Amino acid sequence: MLIIATCCVLLSIASCMNEKKVDFAAANTAKTYYDHLINGRYEQFVDGMDFPEQIPGGYREQLVLNAKMFVEEQQEMHKGLSDVRVVNCVNDSTNKGAHAYLLLVFKDSVMEEIVVPMVKRDGQWFMK
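Take 0 as the starting number for the sequence shown in numbering that gives the first Met the number 0 and just add one per residue.
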């Protein structure tokens with residue numbers, strides 16, 4: 000009986016040692032982009048979006064304005080955003096895509112979990 004129990008313990012330890020560690024690089028990058036957003040750095044937030052080519056200036060200006068309007072709307076609804084936290088990150092097997100799970104913390108104590116699809120291009124993570 001003691002031998003069986005010892006084997007079970009050793010097997011569970013071995014299985015824990017073989018578990019892959021989660022790579023949070025994409026989620027941490029997504030958090031950085033959302034930190035830019037809540038700190039009023041809308042251009043840097045837009046720079047975190049994945050565009051295969053350079054986008055027209057007018058379209059970029061619209062994206063910056065949309066980010067600003069989103070923050071203003073959250074200010075009206077929830078007194079604004081106070082924090083962004085990484086919850087989890089699920090990477091695909093090719094390491095070229097991931098889903099970043101972030102927790103948006105609002106100033107009125109409401110919290111909302113969002114999923115940010117991420118893509119890796121030229122060694123850098125971008126929001127899809």
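Don't be surprised by glycine CBs; every beta carbon is placed ideally from N, CA and C.
Treat the numbers as computed from the prediction; the structure is a model and nothing was measured.
Problem set entry | Close-in-space but distant-in-sequence residues of the same chain around Asp82 (CB under 7 Å, 5 per side omitted) | Val104
Exercise. First and last residue of the beta strand (DSSP E) that includes Gln123?
Worked result: 123-126
Exercise. Considering only C-alpha positions, which residue in the set Arg84, Phe69, Lys106 is nearest to Val114?
Worked result: Arg84
Exercise. What are the boundary residues of the beta strand (DSSP E) that Arg84 is part of?
Worked result: 80-90
Exercise. When you compare each of Thr31, Glu72, Gly56, Tyr58 to Gln43 by their alpha carbons, which one comes out closest?
Worked result: Thr31
Problem set entry | Range covered by the beta strand (DSSP E) that runs through Met110 | 110-120
Problem set entry | C-alpha gap between Ser108 and Tyr58, whole angstroms | 34 Å
Exercise. How would you label Lys127, buried or exposed, when you count the other beta carbons within 10 angstroms and need 16 or more for buried?
Worked result: exposed
Exercise. Out of Val21, Arg40, Gly47, which has the shortest C-alpha to C-alpha gap to Ala29?
Worked result: Gly47
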